[in-house]
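A.B. asks: Residue numbers are given in UniProt numbering: position 60 of the sequence shown equals residue 60, and the series is strictly consecutive.
Each residue gets a CB set at the ideal place from its N, CA and C atoms; glycine is no exception.
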Amino acid sequence: MSTSTSNIYLTKKSGELVISEGENPNKSTHSDKRVLIVGGGVTGLTNAWALLDAGYSVTIVSDKWASLEDRITSQIAGALWEWPPAVCGRHTDKISLLLSKGWCMTSYRAFTKLQEILPADGQTGHGVRLRMANFFFDKPVEQNAEEHEKMLEIEAANIPGFERDPLLVTKHAVSQQAGVVDAYKHISPVVDTDAYMMWLRSVVESKGGKLVTQHVSGDLLEQEDRLLNAFDAHYIVDATGLGAFEAAADKTVYPLRGALIRVVNDGKKFPKVNEALVVANDYEKRDEDGGIVFIVPRNDKTLILGGIAQANEGNLDLTLDSPEMSRMRTRCNRFVPGLENAELDPHSPIVQGLRPVRGENVRVERELRRKEDGSLSKIVHSYGQGGSGFTLSFGCAGDVLSLVEEIEAGVAPTPLKLEHAIAA
C-alpha cells in the first residue's frame with residue numbers, strides 16, 4: 001500500500017461519513033471494543049473500513065473474497081453511481097428512497113474525494129473514475145412523473161455536470177431504432193469493481209482488519225453469543241447480502257439476477273466509449289426485460305453491456321446465446337455505432353450474479369428481536385442494497401457505525417420507520 005493511501009481515513013463530520021487525509025485522530029477511540037462483520041462484499045468491507053478508522057478492532061468473516069478467478073457478487077455489479085431508484089428499479093418504497101438519497105450523496109462525495117486524493121492513474125489501484133453519465137428516455141421526461149421528479153432532484157442536489165439536453169441523442173449517434181427522444185447527463189463515479197474490491201481489501205488489512213475465510217450459516221441471533229465468544233467480539237454486523245434470508249431470518253430477501261457482457265473498448269472495432277449510456281427499467285413497456293440499456297466503461301480497456309433484472313431467478317446459467325442476453329445485446333447495439341462488431345473480452349466475456357434485494361426497504365437497522373434470555377441483541381444489519389451496493393456503500397457504513405456506537409452507549413433499538421428517513 002502506498003504512503004499516500006495510508007494517510008487516508010474515514011471519519012464523521014456533521015453526521016456524515018467522509019474521507020479525510022492526514023493523521024487519524026480517532027484510531028484509539030474504541031480500541032478495547034471488537035466487531036465481527038459477516039460478509040466480505042463491498043458493504044462488509046466498507047463497514048470494516050469505517051469501524052477500523054473509528055478505533056474498533058474488526059474481524060471480517062466470509063466464505064469468499066474478491067478475485068479474478070472466481071468473482072463475488074460485488075465484482076459483477078455495474079457500479080455506476082446513480083441517484084435512486086437505480087436503473088434496475090427495485091428500491092421504490094418511501095423509506096428506501098428517502099434514506100438512499102442521503103446515502104448516495106455520502107458515497108458520491110467519498111468517491112469524489114478518493115479520486116481527488118488518489119487520482120486513478122494506474123498507480124493507486126482503486127479503479128474509481130469520474131465519467132459523464134447520459135440517461136435517455138423514449139418521450140419527454142416531463143411525461144413520466146417519476147423520472148421527471150428524479151431529474152429535478154438531481155438538478156436540485158447540484159450533481160456536477162447536470163444538463164438536460166435532447167440533443168444528446170444526436171451527439172451520441174443513437175440509432176432511431178432505439179426510440180429515445182430526450183436525455184440528461186451528469187458526472188458519476190464509475191467503479192472498476194475488480195480493482196476496487198481488491199484495493200478495499202488491502203485498505204482494511206493495512207488498518208488492522210483480520211480476514212477469516214469461513215462460512216457462517218443460519219440465523220445470527222440464534223448463535224450470537226457463540227459467535228461473539230468464538231471471535232472475541234462485542235458486536236456483530238450482518239453484511240450477508242442474499243444470505244440475510246437466513247442470517248437475519250428475513251424471508252423477504254430475494255435474488256434479482258443480473259448479467260453483463262464485457263467487450264474490448266480500444267476504439268478498433270467501434271468508436272471508443274468514454275461516457276455511460278443508460279436507459280432505466282420500465283415495467284410497463286418495451287420487451288419483457290424492461291428495456292434496460294446499460295453501457296458503461298469499466299476501465300480504459302473494457303466496456304460493460306447490460307442489463308438484466310430478473311426477480312426470484314437464482315440460477316447462474318445464462319450464456320451469450322440465452323434469449324434475454326441476445327435481446328440485451330440488440331438494445332445496446334442501437335446505442336453505439338459499430339458495437340455489433342465488438343470483440344468480446346477474451347478472459348470474461350460474460351459475468352452474472354444475484355443482486356440481494358429485500359421486499360421492503362434497504363435494511364440498515366439493529367436486530368429488533370430479543371435473544372433467548374430476553375436480553376438485547378448486539379447485531380446491526382446492513383443488507384438489501386440490491387444493485388446499489390457501491391452507490392450506497394459509504395452512506396450505509398456511516399449509519400452502521402452510528403448504530404454500533406448506539407449499542408455501546410446502551411441505547412435500546414428502534415425499528416426503521418418513515419419518520420426516521422424523513423429526519424435523516
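Return the residue from the list Ser14, Leu242 and Glu116 that minimises the CA-CA distance to glycine 314.
C.D. replies: It is Leu242.
A.B. asks: Do leucine 17 and threonine 106 count as a contact pair if the criterion is CB distance below 8 Å?
C.D. replies: Cβ atoms of threonine 106 and leucine 17: closer than 8 Å.
A.B. asks: For aspartate 53, does the three-state DSSP call read helix, strand or coil?
C.D. replies: Here aspartate 53 sits in helix by DSSP.
A.B. asks: Closest by CA to phenylalanine 111, which one among Pro337, Gln176, Val191 and Gly338?
C.D. replies: Comparing Cα positions, the closest option is Val191.
A.B. asks: Methionine 198 to serine 67, Cα distance in whole Å?
C.D. replies: When rounded, the distance between both Cα atoms is 7 Å.
A.B. asks: Report buried or exposed for asparagine 341, applying the criterion of at least 16 other Cβ atoms within 10 angstroms of its Cβ.
C.D. replies: Exposed: under 16 other Cβ atoms inside 10 Å.
A.B. asks: Anyone know if the C-beta pair for valine 38 and phenylalanine 390 falls short of 8 Å?
C.D. replies: Their beta carbons are not under 8 Å apart, which means valine 38 does not touch phenylalanine 390 by this criterion.
A.B. asks: Rounded to whole angstroms, what's the CA-CA distance from valine 61 to glycine 55? Just pull it up for me.
C.D. replies: Cα to Cα, valine 61 sits roughly 19 Å from glycine 55.
A.B. asks: Could one say the Cβ of alanine 397 lies closer than 8 Å to chain C's Cβ atoms, at least one of them?
C.D. replies: As a matter of chain content, chain C is missing from the structure shown, which is built from one protein chain.
A.B. asks: Three Cβ pairs or more, each shorter than 8 Å: is that satisfied between the segment 146-162 and the segment 76-90?
C.D. replies: Judged by Cβ distances under 8 Å, the segment 146-162 makes contact with the segment 76-90, as three or more pairs qualify.
A.B. asks: Relative to the C-alpha of aspartate 63, which residue among Gly78, Leu52 and Gly44 is closest?
C.D. replies: Per the Cα distances, Gly44.
A.B. asks: Considering Cα atoms alone, identify which of Phe294, Val351 and Gly306 is closest to aspartate 194.
C.D. replies: Aspartate 194 has its Cα closest to that of Val351, out of Phe294, Val351 and Gly306.
A.B. asks: Roughly how many whole angstroms lie between the Cα atoms of histidine 347 and aspartate 238?
C.D. replies: Each residue's alpha carbon lies about 33 Å from the other.
A.B. asks: Among Ser57, Ser74 and Leu376, which has the Cα closest to the Cα of glycine 384?
C.D. replies: Closest option to glycine 384, Cα to Cα, is Ser74.
A.B. asks: Mind checking alanine 280: buried by the 16 CB within 10 Å criterion, or exposed?
C.D. replies: Per the 10 Å Cβ criterion, buried.
A.B. asks: The alpha helix (DSSP H) spanning glutamine 115 covers which residue range?
C.D. replies: Counting along the chain, the alpha helix (DSSP H) containing glutamine 115 begins and ends at 94-117.
A.B. asks: Is DSSP giving phenylalanine 137 helix, strand or coil here?
C.D. replies: It is a strand residue.
A.B. asks: Strictly by DSSP, which residues pair up with glutamine 385?
C.D. replies: According to DSSP, which records beta bridges pairwise, glutamine 385 is partnered with Val357.
A.B. asks: Got a sec? Which residues, its chain only, sit under 8 Å from leucine 303 by beta carbon, not counting five neighbours each side?
C.D. replies: Here the set comprises Arg262, Val263, Val264, Asn265, Val273, Ile295, Val296, Pro297 and Ala342.
A.B. asks: Can you tell me which of the three DSSP states glutamate 365 falls into?
C.D. replies: The answer is strand: DSSP assigns glutamate 365 an E or B state.
A.B. asks: So does the segment 366-381 actually touch the segment 216-223, counting three or more Cβ pairs closer than 8 Å?
C.D. replies: Result yes; three or more Cβ-Cβ pairs closer than 8 Å.
A.B. asks: With a threshold of 16 other CB atoms inside 10 Å of the CB of valine 411, please say whether the residue is buried or exposed.
C.D. replies: Per the 10 Å Cβ criterion, exposed.
A.B. asks: Between Gln176, Arg334 and Val380, which lies nearest to alanine 48 when the distance is taken from Cα to Cα?
C.D. replies: Out of Gln176, Arg334 and Val380, Val380 has the C-alpha closest to the C-alpha of alanine 48.
A.B. asks: Since I believe serine 100 is in contact with leucine 392 (beta carbons under 8 Å), could you give me their beta-carbon distance rounded to a whole number of angstroms?
C.D. replies: Leucine 392 to serine 100, Cβ: 6 Å. Contact.
A.B. asks: Say the cut is 7 Å; is the CB of cysteine 396 nearer than that to a heavy atom of the ligand MG?
C.D. replies: Absent from the structure shown: the ligand MG. Ligands present: none.
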